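Since the structure comes first, as structure tokens, the remarks are kept for the end.
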Amino acid sequence: MPVNASLRDYRYISADSHMEVSPERWTDRVPLKWRDRAPRRVSMSDGGTATLIENRPLVISGLDISHGGGDHHQISAHRMSYDDAPGTGSPEQRLLEQDRDNLEAEVLFAGTGGPGFWRGVANNEAYESIVHAWNEFCIEDYASVAPERLVPMGVIPDSTLDAALRELEYCARAGFKGVWLQGFPSGARYPVPEDDRFWEAAVEMGIVVTTHLSWGVPGSGPTFRYPRQVESSFGDDPVRRINKFAQRSGWGTLPLIFSGIFDRLPELTIGHLENQIGWIPHWLDTVDDEYDRHMAWMERFLDMKPLARKPSEYILDHTWWGFIFNPSGVKLRHVVGVDKCLWSTDMPHFHSDYPNSMTKADEQFEGVDDRERFLMVRGNAIERFHLNTEGPRTYADLKGQVGLPLP
Numbered sequence: 203m204p205v206n207a208s209l210r211d212y213r214y215i216s217a218d219s220h221m222e223v224s225p226e227r228w229t230d231r232v233p234l235k236w237r238d239r240a241p242r243r244v245s246m247s248d249g250g251t252a253t254l255i256e257n258r259p260l261v262i263s264g265l266d267i268s269h270g271g272g273d274h275h276q277i278s279a280h281r282m283s284y285d286d287a288p289g290t291g292s293p294e295q296r297l298l299e300q301d302r303d304n305l306e307a308e309v310l311f312a313g314t315g316g317p318g319f320w321r322g323v324a325n326n327e328a329y330e331s332i333v334h335a336w337n338e339f340c341i342e343d344y345a346s347v348a349p350e351r352l353v354p355m356g357v358i359p360d361s362t363l364d365a366a367l368r369e370l371e372y373c374a375r376a377g378f379k380g381v382w383l384q385g386f387p388s389g390a391r392y393p394v395p396e397d398d399r400f401w402e403a404a405v406e407m408g409i410v411v412t413t414h415l416s417w418g419v420p421g422s423g424p425t426f427r428y429p430r431q432v433e434s435s436f437g438d439d440p441v442r443r444i445n446k447f448a449q450r451s452g453w454g455t456l457p458l459i460f461s462g463i464f465d466r467l468p469e470l471t472i473g474h475l476e477n478q479i480g481w482i483p484h485w486l487d488t489v490d491d492e493y494d495r496h497m498a499w500m501e502r503f504l505d506m507k508p509l510a511r512k513p514s515e516y517i518l519d520h521t522w523w524g525f526i527f528n529p530s531g532v533k534l535r536h537v538v539g540v541d542k543c544l545w546s547t548d549m550p551h552f553h554s555d556y557p558n559s560m561t562k563a564d565e566q567f568e569g570v571d572d573r574e575r576f577l578m579v580r581g582n583a584i585e586r587f588h589l590n591t592e593g594p595r596t597y598a599d600l601k602g603q604v605g606l607p608l609p
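First residue of the sequence shown? That's 203 in my numbering, and the numbers climb one at a time after it.
Laid out in structure tokens, this is it:
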């Protein structure tokens, strides 16, 4: 970097992008015994393509792989093709797209025809083999082209704890920087003591644990395994009531806090990507207030033990969050913690602004000082995902490269 370079000359890192990959590129890795149950591509009458798997509606991902930097208002919700859309090609093509969008690297999650879709396969062994085949493809065929620029998150199956541990161990051996959890490690709808084996293993292996978009979103039934079951005049699940103002991945966070894992394993942190951050300050206020209002009766009637700290303190110490375009969240970054906010492009989904991501970034970071902007668009991703980069790793590195005095 030349001495007179601008602070804007560094390239950004997207903490949340996607691999929208046609099934035939990777399903040959599924064992022959289960290959006919793997996702497959089908042709649509309008010229687009879709993905099919048992027990799931047909996935027609027009909004997820049709965006190529044109006018958002002209995007079709139906027609799509893996053959000519940005973000769906070879890893070499993806690197060129990164260059065009001023990105040095992307953290990559599976696309819409991914883990939740694959769970339509009822047979656990078949489903787990599909997950493993995807992970092998990601690390061996895709990321291997440029491992520090293409950074996939390994998928963890949500079938059994043993399957989750097997895949976690594979991901760590294979060189994944992190893994993506769909729910709690055992596959239960709430935390169970056996999950500790997974959390402990992840910390010991030094592998990042992430969720994406939603995690632990409640349906019917309890959100926590209560020590005692009683009929309540409150008419709702108690932990759900305390967490009622949470959004998306916040739903899984409070049950995990009540499980005590962060007291037993204080090194554990979890990254929640594609969640936006503007709602989190509101959640921090309300979750503490609701906890204060409900904890006394929960202790008396459900034998629940009070937390050692406020829920908000656990949230701030043990979670970090991804956002795309969220100007109000950027304004509230100090409440969340600037070191816990990671910018992303969501490429190639509808919220992506490829190849004009820098224009939208400038819009939402207007008025943010250079150091904090650097952290959110680069430095935090380097630290959280343990990335090795060619460019500056810290703001101090950047200041040194451009020949400016440190603040």
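Where a beta carbon is used, it is the ideal one built from N, C-alpha and C, also for glycine. Predicted model only: the values in this text are computed from it and were never measured.
#1: By the DSSP assignment, the beta strand (DSSP E) with Met-355 in it spans what residues?
#2: So what's Phe-311 in DSSP terms, helix, strand or just coil?
#3: Which residues bound the beta strand (DSSP E) around Ala-252?
#4: Please check the pair Gly-322 and Asn-337, which I expect to be a contact at CB under 8 Å, by giving their CB distance rounded to whole angstroms.
#5: Specify whether the region 545-560 and the region 484-491 touch according to this definition: at least 3 beta carbon pairs, one from each stretch, less than 8 Å apart.
#6: Rounded to whole angstroms, what is the Cα-Cα separation between Trp-453 and Gln-603?
#7: Do you know offhand how far Arg-302's Cα is from Arg-227's?
#8: Does Val-381 pass the burial test, meaning 16 or more other C-beta atoms within 10 Å, or should it be called exposed?
#9: In chain order, which alpha helix (DSSP H) runs of at least 4 residues are fully inside the region 376-462?
#10: Just the C-alpha distance for Ala-217 and Leu-305, rounded to the nearest angstrom, thanks.
#11: What does the alpha-carbon distance come out to for the pair Leu-577 and Glu-330?
#12: Closest to Arg-595 by CA distance: which of Ile-459, Asn-445, His-588 and Gly-581 is it?
#13: Can Phe-319 and Pro-354 be called in contact, C-beta distance under 8 Å?
#14: Taking the straight line between their C-alpha atoms, what separation do you get for Ala-598 and Asp-572?
#15: In the DSSP assignment, the beta strand (DSSP E) including Thr-521 goes from what residue to what residue?
#16: Ile-479 by DSSP, collapsed to three states: which one?
#17: Please classify Val-205 as buried or exposed, where buried requires at least 16 other C-beta atoms within 10 Å of its C-beta.
#18: If you follow the beta strand (DSSP E) that Ala-217 is in, where does it begin and where does it stop?
#19: Buried or exposed: Leu-608, going by 16 or more other Cβ atoms within 10 Å of its Cβ?
#20: Would the beta-carbon of Ile-215 fall within 8 Å of that of Ile-584?
#21: To the nearest whole angstrom, what separates the beta carbons of Glu-308 and Met-549, a pair I think is in contact under 8 Å?
#22: Tell me, which residues are paired with Ile-472 by DSSP?
#23: In whole angstroms, give me the CA-to-CA distance for Gly-316 and Arg-258.
#24: Label Leu-298 either buried or exposed according to how many other C-beta atoms from any shown protein chain fall within 10 Å of its C-beta, with 16 as the threshold for buried.
#25: In chain order, what residues of the same chain have a beta carbon less than 6 Å from the beta carbon of Ala-328, not counting five sequence neighbours either side?
#26: Strictly by DSSP, which residues pair up with Trp-545?
#27: Confirm, please, whether the CB-CB distance from Thr-547 to Pro-292 is below 8 Å.
#28: Can you tell me whether Leu-600 is buried or exposed, with buried defined as 16 or more other CB within 10 angstroms of its CB?
#29: Just to confirm, is the Cβ distance from Glu-564 to Ile-463 under 8 Å?
#30: Go ahead and pull the three-state DSSP assignment for Ser-514.
#31: Among residues of its own chain, excluding the 5 on either side of Ser-416, which ones have a beta-carbon nearer than 7 Å to its beta-carbon?
#32: Report, in whole angstroms, the separation of the C-beta atoms of His-474 and Thr-425, which I expect to be a contact under 8 Å.
#33: Closer than 7 Å by C-beta to His-484: which residues in its own chain qualify, once you throw out the five before and the five after it? Chain order, please.
#34: Could you check what DSSP says for Arg-243 in three-state terms: helix, strand or coil?
#35: Return the CA-CA distance between Met-246 and Gln-300, expressed in angstroms with no decimal places.
Let me lay it out:
#1: 352-358
#2: strand
#3: 251-254
#4: Contact flag wrong, Cβ pair sits at about 18 Å.
#5: no
#6: 43 Å
#7: 25 Å
#8: buried
#9: 398-407, 440-444 and 452-460
#10: 11 Å
#11: 37 Å
#12: Gly-581
#13: no
#14: 11 Å
#15: 521-525
#16: coil
#17: With a pLDDT of 34 at Val-205, under the threshold of 50, the predicted position of this residue should be treated as unreliable, and no value is reported.
#18: 214-221
#19: Reliability fails at Leu-608, whose pLDDT of 47 lies under 50, so the model's placement of it is uncertain and no value is given.
#20: yes
#21: 7 Å
#22: Val-411 and Thr-521
#23: 12 Å
#24: exposed
#25: Trp-236 and Arg-239
#26: Phe-525
#27: Per the sequence shown, residue 292 should be read as Ser rather than Pro. For Ser-292 and Thr-547, no; Cβs fall outside 8 Å.
#28: buried
#29: One detail in the question is off: residue 564 reads as Asp in this sequence, not Glu. No, the pair does not count as a contact, with Cβ atoms beyond the cut-off.
#30: helix
#31: Arg-450 and Ser-451
#32: Rounded, the Cβ-Cβ distance is 17 Å, inconsistent with contact.
#33: Phe-447
#34: strand
#35: 30 Å
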